[in-house]
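For reference, the structure discussed in these notes is given below.
Protein chains in written order, with our numbering: chain A, 1037 to 1333; chain B, 6 to 321.
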């Protein structure tokens, strides 16, 4: 465990851990904005809906290149399917009287079901390499290829930089979209950017946290940070730190005990940080008046 | 050996029983806008089920039900606690608690002891509908002897009583549920306790989810809880019809799903979930077409869908 924590459990494992940590850092602030916009479980529907996309991309790349497990193609498929999942939830809500909650549950389970159908089909194919698809469910960084680890770390790094660069704009549309629109900000495009960041976090997180638990990395660090501060910039920074620390320790634990799925250990680490914060954090005392996030004056 | 009796019949019966057992609490969850509570509960039972396996060393129904029930109720309590303590909206509190509990279940599953119980992660994630074998009935007429049903595969022996109990409870408390679901204020005045109904619905959902666990795992059960009820919700405004239709659609989805899976040679539980989603999509389209066929009530943009009235006690 100590070896893993000190990044000396092998070069590939170290790069994979750095990738997971960067993802955790990006997921923290993206999650803060997601919570502000009350879209917590929309991300859950999107992440479960990635599975059929992953399977289709696997089959497509098998057909095109003769090799199925090409991570960039798999992630592209996942991204497309996740976007389709979000659009389906929005369509169900716009065109039927089903509640938000029902729409999310239908898309989540039907998307995952389609993916499981696809997985069972792929497993009957007389080829090698399909075993790796399972790791997208609960994440597994151990044994990751070096080129894949670089890709994950690179995209996660870009995510972190994008959140930092557009912080002011994201804050504006999260608190007061009407004001932002009146002040001449391109609100629709910024909304698209926020959703794009959410989907990108989900997709990049598939390899390390897995599609079932990735929503936890968006929710838990953000909620924990909110226990400690009400200022949005501090909250986002703290969420990034908490996300990074959970991902780092979780990935180290999974690297040390090879059979443990990385997603589960990362989420448990985030859960421990939340549980430790709850009794001590200043904003979680029940005697205080209810805390409502206010836009900065 | 008759291959249909030994392989297809038990799997088909389990699929139908699981679908109906889940549709009963699911119909109320969907009506009350609590479908995601079903999502949360189906994830949260996992650590309870795994602990029961670890404690008994084998897969057995009683401890599994108890463990899952305990985990479900603890999880529901934690969600309420976190909501209050961290002042969170319900969906964020749910997402926080159920992912942590599910992660705990996954880690417990991967311990050495759990590996000996012959329970793996894939099984927990999407079940194993096709694993059910029933060798006792040799010919069709064997099914007429009551005693042979006691030799049915374990998931069926758990699902049928659970479905019957849930159905009976629903019938017995129908009047109370109707009032509590549509007019909570009046219900409180009449001395009902809404907390008690929430608690009962949580327990009922947990029971259905754990009974269906072996057949469909802990994630696809969300499809069984939600899809039949969502289709029914698009068809009717009457509570009794809604529940009846949920059960009917649950049966149809199980039948179509299982047979499609057999034809396509894909996972039974996955195909049932996909068919459930397809059914919701079809229901949305049919409803739109029917509404458009009628002359609009008042001007464009105010079709019945956009101005749907909440269910009132009088309309039920």
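Cβ coordinates follow ideal geometry from the N, Cα and C atoms, glycine included.
Discussion item. Under 8 Å, Cβ to Cβ, is there at least one residue of chain B near residue 1227 of chain A?
Written reply: no
Fill in: Cβ neighbour criterion (16 or more within 10 Å) applied to residue 131 of chain B
buried
Worksheet item: Within 8 Å (strictly less), CB to CB, does residue 1242 of chain A reach chain B?
Response: no
Practice prompt. Give me the Cβ distance between residue 222 of chain B and residue 73 of chain B, rounded to the nearest whole Å; I'm assuming they're in contact under 8 Å.
Written response: Wrong, their Cβ atoms sit about 13 Å apart, outside the cutoff.
Worksheet item: What are the boundary residues of the alpha helix (DSSP H) that includes residue 19 of chain B?
Response: 14 to 36
Worksheet item: Assuming residue 1145 of chain A contacts residue 228 of chain B under a Cβ cut-off of 8 Å, what Cβ separation, rounded to an integer in Å, is found between them?
Response: 4 Å
Worksheet item: Going by Cα to Cα distance, which pick from B:88, B:95, B:219 is closest to residue 126 of chain B?
Response: B:219
Fill in: Residue ranges of each alpha helix (DSSP H) within the stretch 218 to 277 of chain B, 4 or longer
226 to 238, 244 to 269
Practice prompt. Go through the stretch 1153 to 1230 of chain A residue by residue and report every complete run of the alpha helix (DSSP H) that reaches 4 residues or more, in order.
Written response: 1171 to 1174, 1182 to 1201, 1203 to 1211, 1213 to 1218
Worksheet entry | Interface positions of the stretch 1285 to 1298 of chain A facing chain B (Cβ-Cβ less than 7 Å), listed along the chain | 1295, 1296, 1297
Worksheet item: residue 263 of chain B: buried (16+ other C-beta within 10 angstroms of its C-beta) or exposed?
Response: buried
Worksheet entry | Option nearest residue 164 of chain B by Cα separation, candidates B:20, B:12, B:10 | B:20
Practice prompt. Figure out for me which residue from B:295, B:24, B:98 has the closest Cα to the Cα of residue 274 of chain B.
Written response: B:24
Fill in: Under 9 Å from the C-beta of residue 1310 of chain A: neighbouring residues of chain B
87, 91, 101, 105
Worksheet item: For the alpha helix (DSSP H) that contains residue 181 of chain B, what are its first and last residues?
Response: 179 to 187
Worksheet item: So with Cβ pairs under 8 Å, would you call residue 1316 of chain A a contact of chain B?
Response: no
Discussion item. Relative to the C-alpha of residue 1206 of chain A, which candidate in A:1194, A:1218, A:1222 has its C-alpha closest?
Written reply: A:1222
Discussion item. So, under 8 Å CB-CB, residue 80 of chain B and residue 103 of chain B are touching, yes? Tell me the CB distance rounded to an integer number of Å.
Written reply: 7 Å
Worksheet item: Quick one: is residue 40 of chain B near chain A, going by C-beta distance under 8 Å?
Response: yes
Practice prompt. Using a Cβ cut-off of 8 Å (strictly closer), state whether residue 1277 of chain A contacts chain B.
Written response: no
Practice prompt. Go ahead and label residue 1065 of chain A buried or exposed: buried means 16 or more other beta carbons lie within 10 angstroms of its beta carbon, across all protein chains shown.
Written response: buried
Worksheet entry | Own chain, CB closer than 7 Å to residue 1125 of chain A, minus 5 neighbours either side, in chain order | 1078, 1081, 1139, 1140, 1143
Worksheet item: Excluding sequence positions up to five away, which residues of its chain have a Cβ less than 6 Å from the Cβ of residue 40 of chain B?
Response: 34, 231
Discussion item. In this structure, how does DSSP classify residue 1048 of chain A when only helix, strand and coil are distinguished?
Written reply: helix
Worksheet item: Should residue 1349 of chain A go down as buried or exposed, given a rule of 16 or more other Cβ atoms within 10 Å for buried?
Response: The requested residue 1349 of chain A is not part of the displayed model; chain A covers only 1037 to 1333.
Practice prompt. Would you mind reading off the limits of the alpha helix (DSSP H) that contains residue 53 of chain B?
Written response: 40 to 61
Worksheet item: Using a Cβ-Cβ distance under 8 Å, would residue 1149 of chain A count as near chain B?
Response: yes
Discussion item. Considering only their Cβ atoms, is the gap separating residue 112 of chain B from residue 1301 of chain A smaller than 8 Å?
Written reply: yes
Worksheet item: So which of B:144, B:29, B:12, B:10 has the shortest CA-CA distance to residue 216 of chain B?
Response: B:29
Worksheet item: Nearest chain B C-beta to residue 1073 of chain A closer than 8 Å, yes or no?
Response: no
Item to complete: With distances taken Cα to Cα, identify the nearest neighbour of residue 1083 of chain A among A:1047, A:1111, A:1202.
Response: A:1111
Discussion item. Quick check on residue 1239 of chain A: buried or exposed, where buried means 16 or more other Cβ atoms within 10 Å of its Cβ?
Written reply: buried
Worksheet item: So which residues on chain A does residue 44 of chain B lean against when the C-beta distance must stay under 9 Å?
Response: 1077, 1080, 1137, 1140, 1141, 1144, 1145
Worksheet item: Excluding the five sequence neighbours on either side, which residues of its own chain have a C-beta within less than 7 Å of the C-beta of residue 272 of chain B, listed in chain order?
Response: 131, 266
Discussion item. If the cut-off is 8 Å on Cβ atoms, which residues from the stretch 1170 to 1191 of chain A count as contacting chain B, listed in chain order?
Written reply: 1170, 1173, 1174
Discussion item. Do residue 1287 of chain A and residue 1114 of chain A count as a contact pair if the criterion is CB distance below 8 Å?
Written reply: no
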